[in-house]
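Participant: Going by the working numbering, the letters in the sequence shown line up with residues 1 to 320, in that order. Glycine residues also receive a C-beta, built at the ideal position from the N, C-alpha and C atoms.
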Amino acid sequence: MDRLAIVVPCYNEEEVLKLASEALRGVLEDLVQKEKIAPDSFIMFVNDGSRDRTWELIEEEHAAYPVRVKGVKLAGNVGHQFALTAGLITAKDMSDVIISIDADLQDDVNVIEEMIDKFHAGSDIVYGVRKERKTDTFFKRTTAQAFYKLMGMMGVKTVYNHADFRLMSKRAVEEFSKYKETNLFLRGMMPLIGYQTDSVYYDRGERAAGESKYPLKKMLALAFNGISSFSVKPISLILGMGMFIIFMCVLAAIYALISYFTGHVVAGWTSLILSIWFLGGLQLLAIGMVGQYIGKVYIEVKHRPRYNIEKVLAKEKSEG
Ligand code: UDP
Ligand code: MG
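Here it is, written out as structure tokens:
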């Protein structure tokens with residue numbers, strides 16, 4: 001039977017930690033009973049340098065439920081994406097299948113069973129997808145929507161309305177661990193892994209307690225990081241703009257020359273206006289060209305795996 005690990009990044013979550021532990025232990029107990037997961041399945045809390053009593057609470061939970069609850073303590077606050085990565089990579093060596101979920105119980109723990117079913121049906125990655133965003137504020141909803149749209153326009157493949165509530169098989173996490181990049185945007189990286197994927201749908205609830213650890217500033221940083229780590233399209237936009245302005249320069253030249261020969265212009269205007277268009281276009285074009293190389297260097301330094309071989313059919317001897 002497959003051993004399940006539930007990875008939970010926690011930053012200043014003293015108010016919800018016990019609640020989360022109880023809810024997730026309940027889910028594990030139930031799944032063990034139904035013989036869907038191994039009896040030694042566990043929760044792994046990753047303390048992301050909390051300044052409150054989060055770590056003490058994790059220690060208490062571990063003491064009370066040594067098999068069910070494990071903890072990882074990061075030396076300082078590194079942010080949600082890194083904390084989650086640390087948890088995934090630590091948990092993969094102790095388990096066969098891993099689910100990541102936030103500590104605040106906003107994601108519905110009752111769909112974990114469905115995730116496991118889809119895993120047993122052959123999917124390596126199962127995305128938790130929010131049905132609606134009724135409980136989010138209007139502001140959070142519209143900004144999030146705009147974010148997914150912009151990501152799509154920039155050519156970043158993401159699963160719509162999916163955050164970081166997902167199941168991954170051990171081999172998917174192993175493949176993920178080969179992505180050595182430091183600018184992490186997990187939900188953009190998962191589709192790159194390949195393998196069969198599936199989704200489960202749920203309603204996202206309110207935070208069980210405490211307040212959001214993702215203020216607008218962090219959200220904008222995440223969005224910008226998502227685009228700049230996955231797409232060199234902004235550079236191509238500059239190049240395109242340069243080309244467009246050089247083209248406009250030709251039109252401007254025709255207009256300026258006609259005005260010059262029909263004679264109603266101030267002396268010097270023609271050469272000035274032409275220089276402005278031409279130099280402006282040339283500069284953008286040059287920046288865009290240089291940018292193309294920087295974009296390539298950027299992609300190279302990421303050293304991402306170029307492919308992921310799932311199977312090889314190559315028997316050496318014919319049998320029978
Ligand atoms: N989190 C973390 N490190 C941080 C910020 C947040 O590990 O620096 C965790 C946090 O404890 C929670 C998850 O990331 O488990 C998501 O945070 P939150 O629920 O506050 O985000 P929101 O749901 O408001 O977007
Ligand atoms: Mg939350």
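1. Helix, strand or coil: how does DSSP classify Y334 here?
2. With H, G and I counted as helix, E and B as strand and the rest as coil, what does DSSP make of K18?
3. To which residues does DSSP link A5 through a beta bridge?
4. May I ask which residues mark the beginning and end of the beta strand (DSSP E) holding M325?
5. Less than 9 Å between the C-beta atoms of I245 and L274, yes or no?
6. If you measure from each residue's Cβ to the nearest non-hydrogen atom of the ligand ATP, which ones come out under 6 Å, in chain order?
7. Using C-beta distances below 6 Å, list every residue in its chain close to K213, excluding the 5 sequence neighbours before and after it, in chain order.
8. Whole angstroms are fine: how far does the CA of M153 sit from the CA of A63?
9. Residue range of the beta strand (DSSP E) that D108 falls in?
10. Does the segment 216-235 come close enough to the segment 243-262 to have 3 or more Cβ pairs within less than 8 Å?
11. V69: buried (16+ other C-beta within 10 angstroms of its C-beta) or exposed?
12. What residues match up with C10 in a beta bridge as DSSP calls it?
13. Within this structure, are the beta carbons of A5 and A91 separated by less than 9 Å?
14. Using a Cβ-Cβ cut-off of 8 Å (strictly less than) and excluding sequence neighbours within five positions of N183, which residues of its own chain qualify?
15. Whose C-alpha, out of G205, I125, Y195, is nearest the C-alpha of K311?
16. Any chance the CB of R130 is under 8 Å from a heavy atom of the ligand MG?
17. Looking only at its chain, what residues have a beta carbon closer than 6 Å to the beta carbon of P305, apart from the 5 residues adjacent to it on each side?
18. Based on the DSSP secondary-structure assignment, which residues constitute the bridge partners of T197?
19. From the DSSP output, read off the bridge partner residues of V69.
20. Buried or exposed for P9, going by 16 or more other Cβ atoms inside 10 Å?
21. Flag this pair as touching only if the segment 264-272 and the segment 208-222 have three or more C-beta atom pairs under 8 Å; answer yes or no.
22. Under three-state DSSP, which class holds Y202?
Facilitator: According to the data block:
1. In the structure as shown, the chain starts at 1 and stops at 320, and residue 334 therefore has no counterpart that could be examined.
2. Looking at K18 - three-state DSSP - the assignment turns out to be helix.
3. Bridge pairing for A5: F42, I98 [DSSP].
4. Lying before the first or after the last residue shown, residue 325 is absent from the chain, which here runs from 1 to 320.
5. no
6. With respect to the ligand ATP, the structure offers nothing, as its ligand set consists of the ligand UDP and the ligand MG.
7. Same-chain partners within the cutoff: Y11.
8. 49 Å
9. Premise fails: D108 is in no beta strand (DSSP E) and is neither H nor E.
10. Output reads no: the segment 243-262 does not touch the segment 216-235.
11. buried
12. Paired residue(s): N47.
13. yes
14. N225, S228, S229
15. Y195
16. no
17. K178
18. The partner list for T197 (beta bridge, DSSP) reads I125.
19. I43
20. buried
21. no
22. strand
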